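First comes the structure, then the notes that go with it.
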Amino acid sequence: MSTMLTLEIPESLQQKIAVMASLVAQTPEQFALEMLEEHLDHHSAYLETAYLQQSEHNKARLDRAIQDIKDGIFESRDLIDD
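The numbering of the sequence shown is our numbering, which starts it at 3 and goes up by one.
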């Protein structure tokens, strides 16, 4: 179920959205929705990281995982489409 949300977007931002949308063959509405979804997906990841860093144990695990990735120590996997 979707709900209508009305936003007032400044003209300068509308123009930027229209230009970017045309580059990827989307309508401005499609492009704006996709960008909003992407931002929210990343935002939740930042919130989760901030939450995990509240614990010293979890912070150390995150730091170690980041260092492993920088050192090329990781296992690639296919994404699961939920």
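Don't be surprised by glycine CBs; every beta carbon is placed ideally from N, CA and C.
Please read all numbers here as calculations on a predicted model, not as lab measurements.
Check whether residue i and residue j have beta carbons under 7 Å apart
i	j	result
Pro30	Ile19	yes
Gln69	Lys61	no
Exposed unless 16 or more other CB atoms sit within 10 angstroms - verdict on residue i
i	result
Phe76	exposed
Ala47	exposed
Ala67	exposed
Ala27	exposed
Where residue i sits in the DSSP three-state scheme
i	result
Thr51	helix
Gln32	helix
Met37	helix
Ile75	coil
Asp70	helix
Cβ distance (whole Å) where residue i is taken to contact residue j below 8 Å
i	j	result
Leu35	Thr51	Not really, about 25 Å apart at Cβ, beyond 8 Å.
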